[in-house]
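**Student:** The structure under discussion is supplied below as structure tokens; questions concerning it will follow.
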Amino acid sequence: MKGEVSEVKSQVMDTIATLVTTAFGLIAALAWNDAIQALITQWLGETDGLTGLLIYAVVITSLAVVATILIARLIAKPAVQAVRIVE
């Protein structure tokens, strides 16, 4: 019984850590959102909101794709090589 309680406590702590980390990530993303929007507005001016939104969407999508590829490469596990036993 003690082992089960300890396991549940560990899972709860892991979940809380994940939620807090995700919350900080969201806050950082919102800060970057505002910064990038301000940069595009400064670059293009206030003349055409649609053009700015489209450029913003392309920039963010490109960054997300590049970041996803880089993260996937970092956490990729090396391929397991087949071992052949010869007698």
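Residue numbers (the numbering used here): 68 to 154. No residue lacks a Cβ here, since even glycine has one placed at the ideal position from N, Cα and C.
#1: Which same chain residues, not among the five before or five after Gly119, have their C-beta less than 7 Å away from its C-beta?
#2: Ignoring anything shorter than 4 residues or poking outside the stretch 79-150, list the alpha helix (DSSP H) runs there in chain order.
#3: Let me see if you follow: with CB-CB separation under 9 Å, is Gly112 close to chain D or not?
#4: Report yes if the CB atom of Ile142 is closer than 9 Å to the CB atom of Ile103, and no otherwise.
#5: Return the CA-CA distance between Ala124 and Met68, expressed in angstroms with no decimal places.
**Tutor:** Taking the structure as given:
#1: Ile107, Thr108 and Leu111
#2: 116-142
#3: The question asks about chain D, but that chain is absent: this structure has only one protein chain.
#4: no
#5: 52 Å
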